[in-house]
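J.: Here numbering that gives the first Met the number 0 is used: the first residue of the sequence shown is 0, the next is one more, and so on.
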Amino acid sequence: MTKKKLIAGNWKMNGSLAANEALVKALVAGVGTPACAIAVCVPAPYLAQVQTLVAGSPIELGAQDVSARAQGAFTGEQSAAMLKEFGVHYAIVGHSERRQYHGETDEVVAAKTAAALANGITPIVCVGETLAQREAGQTEEIVKRQLAAVIHVNGHCISEIVVAYEPVWAIGTGKTATPEQAQAVHAVLRAQLHHAASDHAAGIRILYGGSMNAANAAELLAQADIDGGLIGGASLKAPDFLQIIAAAS
Ligand code: PEP
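(1) On the premise that alanine 7 lies in contact with leucine 206, defined as a C-beta separation below 8 Å, what is that separation, rounded to the nearest angstrom?
(2) Flag leucine 229 as yes when its Cβ comes closer than 6 Å to any non-hydrogen atom of the ligand PEP, and as no otherwise.
(3) What beta strand (DSSP E) runs, 3 residues minimum, are completely inside the stretch 49-103?
(4) Is any non-hydrogen atom of the ligand PEP found closer than 6 Å to the C-beta of asparagine 215, if you look at the structure I gave you?
(5) Mind listing, in chain order, the continuous alpha helix (DSSP H) runs of no fewer than 4 residues lying wholly within the stretch 137-179?
(6) For the alpha helix (DSSP H) containing leucine 22, list its first residue and its last residue.
(7) Go to threonine 129, then tell me how far its beta strand (DSSP E) extends in each direction, as first and last residue.
(8) Taking only the alpha-carbon atoms, compute the straight-line gap between lysine 2 and leucine 46 and give it to the nearest angstrom.
(9) Using CA atoms only, rank isn't needed, just tell me which of Glu134, His88 and Arg144 is closest to lysine 104.
(10) For asparagine 215 and aspartate 198, what's the separation of their Cα atoms in angstroms?
(11) Can you find the residues in the same chain that come closer than 8 Å, C-beta to C-beta, to glycine 232, ignoring five residues on each side of it along the sequence?
(12) Under the rule that 16 or more other beta-carbon atoms within 10 Å means buried, what is serine 95, buried or exposed?
(13) Go ahead and label glutamate 128 buried or exposed: buried means 16 or more other beta carbons lie within 10 angstroms of its beta carbon, across all protein chains shown.
(14) Would valine 142 and alanine 109 be called neighbours here (beta carbons separated by less than 7 Å)?
(15) Can you give me the start and stop residues for the beta strand (DSSP E) that alanine 110 sits inside?
(16) Drop a sphere of 10 angstroms on the beta-carbon of leucine 241, count the other beta-carbons inside from all chains shown, and report buried for 16 or more, exposed for fewer.
(17) Go through its chain and collect everything with a Cβ distance to proline 43's Cβ below 7 Å, but skip five positions before and after it.
(18) Does the Cβ of glutamate 165 have 16 or more other Cβ atoms within 10 Å, making it buried, or fewer, making it exposed?
(19) Under three-state DSSP, which class holds glycine 202?
(20) Going by C-alpha distance, which of His101, Val92, Ala221 and Gly102 is nearest alanine 114?
(21) Would you identify the three-state DSSP class for glycine 227, choosing helix, strand or coil?
(22) Given that a residue counts as buried once 16 or more other Cβ atoms are within 10 Å of its Cβ, and exposed if not, what is glutamine 182?
(23) Alpha carbon to alpha carbon, what distance is there between alanine 79 and valine 87?
(24) Bridge partners of valine 249, per DSSP?
(25) So, with DSSP's three-state summary, where would you put proline 33?
(26) Just to confirm, is the Cβ distance from alanine 217 to alanine 237 under 7 Å?
(27) Quick check: what's the CA-CA separation for valine 23 versus valine 49?
If you want it as structure tokens, here you go:
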């Protein structure tokens, strides 16, 4: 399989003009010619700044959310077409923080995925179970339900998405899924994708996210169905993010 791994940073609501400049300049200076794809998903106000900073480098620009709507009276939202004007290549959709704090349902996540795809933006669709759901033995059921909603609305276009398995209990907690735990869920998701898009399933990237860092990245990325990482905290430190990129290269 020739698919390159993808290492995507999710800055969440962090950064400033000065901090972003220092971080991205250090990444551009240190990244060399990586064998993996790289993205930074930045807060919306900084898209223009980071678009300029990554220009000419292998680092692509990502947004952290996208509206399901095309335009109109949706205060506070950004449409996929607007993001596209700033060179946005990826948009995270359905991050657990959006599901938890903004009430995003599986249906909304599916509609956001469709809006991104319709505008040539690659959605990074996040799925993952809470600790209570894992302990109740519901992991497989939950992630399959979340992905099924996206498949239902997007049909064969799902060959163009990136999936991120992010166990909620591992996000920002320092608790990482073991490589075996992560691989087991990735295999379930791969099988589901295979069912929906047989010829293309092997080419769809499934990222792992949840306290991935410089120390644990190599072992996670070595798993058969882990095609990259979605990285929160460690993406804010240039040396750490560069080490994860090196582990994927
Ligand atoms: C995330 O926000 O998608 C994430 C995985 O965060 P962290 O790496 O900090 O756990």
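C-beta atoms are modelled at their ideal positions from N, C-alpha and C, and glycine is treated no differently. In this text the structure is predicted, and so the values were computed from the model without any measurement.
T.: Well, looking at it:
(1) What you label residue 206 is simply residue 207 of the sequence shown in a count that begins at 1. What you label residue 7 is simply residue 8 of the sequence shown in a count that begins at 1. Indeed they touch by this definition, with Cβ atoms about 7 Å apart.
(2) Here residue 229 refers to the residue found at position 230 of the sequence shown. Because some heavy atom of the ligand PEP lies under 6 Å away, the Cβ of leucine 229 counts as near it: yes.
(3) 58-62 and 87-92
(4) Here residue 215 corresponds to residue number 216 of the sequence shown, with the count starting at 1. Using a cutoff of 6 Å, the CB of asparagine 215 does not count as near the ligand PEP, since none of the ligand's heavy atoms is closer than that.
(5) Unbroken alpha helix (DSSP H) stretches of 4 residues or longer found wholly inside the stretch 137-179: 138-153, given in chain order.
(6) Here residue 22 is taken as the residue at index 23 of the sequence shown, counted from 1. That run of the alpha helix (DSSP H) goes 16-30.
(7) The count along the sequence shown starts at 1 and reaches residue 129 at position 130. Looking at the DSSP string, threonine 129 is not in any beta strand (DSSP E), and its letter there is neither H nor E.
(8) What you label residue 2 is simply residue 3 of the sequence shown in a count that begins at 1. What you label residue 46 is simply residue 47 of the sequence shown in a count that begins at 1. Roughly 27 Å between the two C-alpha positions.
(9) By one-based count along the sequence shown, residue 104 stands at place 105. Reading off the sequence shown, one finds threonine at residue 104, where the question assumed lysine. Closest by alpha carbon: Arg144.
(10) In the sequence shown, the residue the question calls residue 215 occupies position 216. In the sequence shown, the residue the question calls residue 198 occupies position 199. Whole-angstrom Cα-Cα distance: 32 Å.
(11) Within the sequence shown, the letter at position 233 stands for residue 232. If we look at glycine 232 and ignore the five residues flanking it on each side, its Cβ neighbours are Gly171, Ser210 and Asn212.
(12) Residue numbering aside, residue 95 sits at position 96 when the sequence shown is read from its first letter. Label assigned to serine 95: buried.
(13) Numbered from 1 along the sequence shown, position 129 holds the residue referred to as residue 128. Classification for glutamate 128: buried.
(14) One-based indexing of the sequence shown puts residue 142 at position 143. One-based indexing of the sequence shown puts residue 109 at position 110. No, they are not a contact pair.
(15) As a first step, residue 110 must be located in the sequence shown, where it is residue number 111. First-last for alanine 110: 105-117, but that is the alpha helix (DSSP H), not the beta strand (DSSP E).
(16) Looking up residue 241 in the sequence shown gives position 242. With 16 or more other Cβ atoms within 10 Å, it is buried.
(17) As a position in the sequence shown, residue 43 is number 44, starting the count at 1. Inspection of the sequence shows that residue 43 is occupied by alanine rather than by proline. Excluding sequence neighbours, alanine 43 sits near Ala62 and Gln77.
(18) Residue numbering aside, residue 165 sits at position 166 when the sequence shown is read from its first letter. Buried.
(19) For the purposes of this step, residue 202 is taken as residue 203 along the sequence shown, with counting starting at 1. Three-state result, glycine 202: helix.
(20) Within the sequence shown, residue 114 is the residue found at index 115, counting from 1. Cα-wise, what sits closest to alanine 114 is Val92.
(21) For the purposes of this step, residue 227 is taken as residue 228 along the sequence shown, with counting starting at 1. Here glycine 227 sits in strand by DSSP.
(22) Residue mapping note: residue 182 aligns to position 183 of the sequence shown, counting from 1. It counts as buried.
(23) By one-based count along the sequence shown, residue 87 stands at place 88. By one-based count along the sequence shown, residue 79 stands at place 80. Whole-angstrom Cα-Cα distance: 9 Å.
(24) A query on residue 249 cannot be resolved here, the shown segment of the chain reaching from 0 to 248 and no further.
(25) What you label residue 33 is simply residue 34 of the sequence shown in a count that begins at 1. Coil.
(26) For the purposes of this step, residue 217 is taken as the residue at position 218 of the sequence shown. For the purposes of this step, residue 237 is taken as the residue at position 238 of the sequence shown. For alanine 217 and alanine 237, no; Cβs fall outside 7 Å.
(27) Residue numbering aside, residue 23 sits at position 24 when the sequence shown is read from its first letter. Residue numbering aside, residue 49 sits at position 50 when the sequence shown is read from its first letter. Approximately 8 Å between the Cα atoms of the pair.
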